[in-house]
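For the protein sequence lines, the chains are B and P, in the order given. Under this note's numbering, residues 515 to 1043 are what the first sequence spells out, in order. Under this note's numbering, residues 582 to 666 are what the second sequence spells out, in order. Here the structure is laid out as structure tokens; the discussion comes afterwards.
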Amino acid sequence: GYRDLNEMEVNISDPLFNKQWYLVNTGQADGTPGLDLNVAEAWGLGYTGRGVTIAIMDDGIDYLHPDLASNYNADASYDFSSNDPYPFPRYTDDWFNSHGTRCAGEVSAAANNNICGVGVAYNSKVAGIRMLDQPFMTDIIEASSISHMPQVIDIYSASWGPTDDGRTVDGPRELTLQAMADGVNKGRGGKGSIYVWASGDGGSYDDCNCDGYASSMWTISINSAINDGRTALYDESCSSTLASTFSNGRKRNPEAGVATTDLYGNCTLRHSGTSAAAPEAAGVFALALEANPDLTWRDMQHLSVLTSKRNQLHDEVHQWRRNGVGLEFNHLFGYGVLDAGGMVKMSHEWKTVPERFHCVAGSIQDNHKIQSGGRLVLTIDTDACQGKDNFVRYLEHVQAVVTVNASRRGDLNINMTSPMGTKSILLSRRPRDDDAKVGFDKWPFMTTHTWGEDPRGTWVMEVGFQGPEAQRGVLKEWTLMLHGTQSAPYIDQVVRDYQSKLAMSKKEELEEELDEAVERSLKSLLSKN
Amino acid sequence: GEGIITNHVVVRLHESAHDDAHQLAVEHGFQSVRKLPFGEGPLPLLPPMSPRREANAVPRKRQRLQKDSRVMSVLEQPGFSRQKR
């Protein structure tokens, strides 16, 4: 279904543009032609991010950079590391504070000015929030950053988090949680701030469900592929990842890196690490917001699920699978690579999704032993609060709030299977995590893999140990939280492409609604007779 | 779990004292005060410009703030680490 690259005239003259394979992949550095963010189609339709502001929460931005200055939104910028309105990076001789400037270039570097490359949303505005460059992080700095000017800033991009050492379990504290909740409820005039998070650099030793920012329902967690569709060596994997973009990550070839702006007016070909994933995604979301400024934070997640593509992404460890309503996902890539063209087309005619409801589907509170060599299997039967005001019929996010302790936390492995048969890996083995004291205390393991499913029925959780030595543990709590809509979210959407996931999902919903209507009328007939 | 002492201080003021926030900050040796756009009251007091020396003075300042009748509560702000990706 891909269009020929030559069909898309992309008249961009910036010197590094041909090296930005994540924008238009013509096979640079042994890459796979066509494996990119498909921005050419979005730009061709006239969407370049006009009127949208993206904040880079990081170590600052070189707002004097000639490729960033014209798109810099000074009024929406602030420096919480030094408490002033000038988030210019602090100089170090190893350019340690180039991170934010590189991320900014991926979103908003200006086009056709003969400097460096171009941003995904090259006519958007970029704000700098300097908040990483102080001796220690505190809750108030994070909360202040995440709640900075929520009526002006549309998208917050974060390429940082708890230490990715494969032994940390950490997330937002009290004020930051309040700030996020306030942002998604009141930001952007009530449509909700869009938080984009790079899922982590811990590689196969870590699990991004242990990162409370990335695994939050309120953030869109983005992973990264390299230019030929393989995983980056530093990629973590987890069930809360929603979609993917690109970064370097496996090849020595400098051209396989991410080209962007660098400190003091320079350019770089080597922006490495999964940090590029978030700003690239933020740029795609900015294009979607230009196509439809009324999109809510939930609309953006629905659009990501529906328009992301498997394309030629390949994960050697986890298979691509389909969930109960036919949506294809992968444990590392989520629903696939973002497709800017597909997203802006669908955004343009998108009708905001119905109201969201929350249902505590069930809870197991007594202690259950976990032994090596066996698996603890628990089930929760639920009607998803049917018959009550908060009935959840079509899933968005699902959380398993779990309290568990073990003699070696890293050897724990938790899976959960939905009534429609979709198995999510909530926690993978983390061989470096030797914690035997703290465990997980009411930790909200989140999965996006059951998106769109009917949650009524039996949910199965399996807990076991993987590792060379015998371990023991106790699971003290499993509470199942369902989040989603009561009415079908896609039934009223306009379908243009009958091969699309939207078309498939809408057809599925129509059939389901018809079946249930027939069932209801039969029941009422029988009860009358 | 690191819980390192920092010179960041957050206070919740009594309703009646909200207008005195800046005055209170200056009296207690802070640069100014910043209102957060969420919640009802957490008002972070901004430290003066020399964070390292200030870090030892913070416990003493915190105690004085807790005794101030305009202050409802003082929220601890322990430091923890975050990593660029």
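Ideal Cβ positions, reconstructed from N, Cα and C, are used throughout, including at glycine.
Classify glycine 582 of chain P as helix, strand or coil using the three-state DSSP reduction. Low per-residue confidence applies at glycine 582 of chain P: pLDDT is 47, beneath 50, and the placement is therefore not dependable, though the value from the model is reported in the following sentence. Correct three-state label for glycine 582 of chain P: coil.
So if DSSP puts threonine 893 of chain B in a beta bridge, which residue, or which two residues, is it bridged to? Answer by DSSP bridge pairing, in chain order: B/Val974.
Over what stretch of residues does the beta strand (DSSP E) that includes proline 529 of chain B continue unbroken? Per DSSP, proline 529 of chain B belongs to no beta strand (DSSP E) and is neither H nor E.
Just the Cα atoms here: how many angstroms apart are tyrosine 908 of chain B and aspartate 1006 of chain B? Near 14 Å, if we compare the C-alpha coordinates of aspartate 1006 of chain B and tyrosine 908 of chain B.
Verify the CB distance criterion: does glutamine 647 of chain P have a CB-CB separation below 8 Å to chain B? Not an interface residue.
Who does phenylalanine 871 of chain B pair with in a DSSP beta bridge? Phenylalanine 871 of chain B is bridged to B/Gly998.
Following the continuous beta strand (DSSP E) through glycine 642 of chain B, name the residue where it begins and the one where it ends. In the DSSP assignment, glycine 642 of chain B falls within the beta strand (DSSP E) that extends over 639-644.
What is the DSSP secondary structure of glutamate 657 of chain P, counted as helix, strand or coil? Secondary structure of glutamate 657 of chain P (DSSP, three-state): coil.
Threonine 677 of chain B and glutamine 664 of chain P closer than 8 Å at C-beta: Pairing threonine 677 of chain B with glutamine 664 of chain P gives a Cβ-Cβ distance under 8 Å.
Which of the residues in the segment 610-622 of chain B, read from start to end, lie with their CB under 7 Å from any CB of chain P? Going along the segment 610-622 of chain B in chain order, one finds His613 with a Cβ nearer than 7 Å to chain P.
Taking all protein chains shown into account, decide if arginine 702 of chain B is buried (16 or more other Cβ within 10 angstroms of its Cβ) or exposed. In this structure arginine 702 of chain B is buried. Its beta-carbon is surrounded by 16 or more other beta-carbon atoms within 10 angstroms.
What in chain B is Cβ-close to phenylalanine 661 of chain P, meaning under 9 Å? One finds Phe650, Met651, Thr652, Asp653, Pro676, Asp684 and Arg687 in chain B with Cβ atoms closer than 9 Å to the Cβ of phenylalanine 661 of chain P, taken in chain order.
If the cut is a Cβ gap below 7 Å, which residues of chain B does arginine 593 of chain P touch? Those within 7 Å of arginine 593 of chain P in chain B number zero; the least Cβ separation is about 11 Å.
Note down, in chain order, every chain P residue with its Cβ under 8 Å from the Cβ of aspartate 696 of chain B. Going along chain P in sequence order, the residues near aspartate 696 of chain B (Cβ under 8 Å) are Pro618, Phe619 and Gly620.
Give me the chain B residues within the contact set of proline 625 of chain P, using Cβ-Cβ distance strictly less than 8 Å, ordered along the chain. Ordered by position in chain B, the residues that pass the 8 Å Cβ test against proline 625 of chain P are Ile654 and Ser658.
Three or more C-beta pairs closer than 8 Å, one from the segment 739-749 of chain B and one from the segment 783-795 of chain B: is that the case here? At 8 Å Cβ cutoff, the stretches touch.
Selection of the segment 774-801 of chain B by Cβ proximity to chain P, strictly under 7 Å: Those would be Gly787, Thr788 and Ser789, in chain order.
As an exercise, report each continuous beta strand (DSSP E) stretch of at least 3 residues that is fully enclosed by the segment 771-835 of chain B, in chain order. Correct list: 772-775 and 781-785.
Cβ of aspartate 880 of chain B within 8 Å of Cβ of methionine 934 of chain B? Contact: no.
Counting only C-beta atoms, is aspartate 589 of chain B closer than 8 Å to chain P at any point? Chain P, which has no Cβ nearer than 8 Å to the Cβ of aspartate 589 of chain B, makes this no.
If you draw a straight line from the alpha carbon of arginine 764 of chain B to that of isoleucine 740 of chain B, how long is it in whole angstroms? One C-alpha to the other measures close to 7 Å.
Would the segment 626-645 of chain B count as touching the segment 587-594 of chain B if we require 3 or more Cβ pairs under 8 Å? A contact exists between the segment 626-645 of chain B and the segment 587-594 of chain B.
Relative to the C-alpha of tryptophan 732 of chain B, which candidate in B/Asn1043, B/His911, B/Arg946 and B/Gln1013 has its C-alpha closest? Out of B/Asn1043, B/His911, B/Arg946 and B/Gln1013, B/His911 has the C-alpha closest to the C-alpha of tryptophan 732 of chain B.
Spell out a yes or no on whether the segment 665-683 of chain B and the segment 825-837 of chain B are touching, meaning 3 or more CB-CB pairs, one atom from each, closer than 8 Å. No: fewer than three Cβ pairs fall under 8 Å.
Partners in chain B for lysine 665 of chain P, counting only beta-carbon separations shorter than 8 Å: For the C-beta of lysine 665 of chain P, the chain B residues within less than 8 Å are, from N- to C-terminus, Asp572, Asp573, His613, Leu646, Ser673, Trp674, Gly787 and Ser789.
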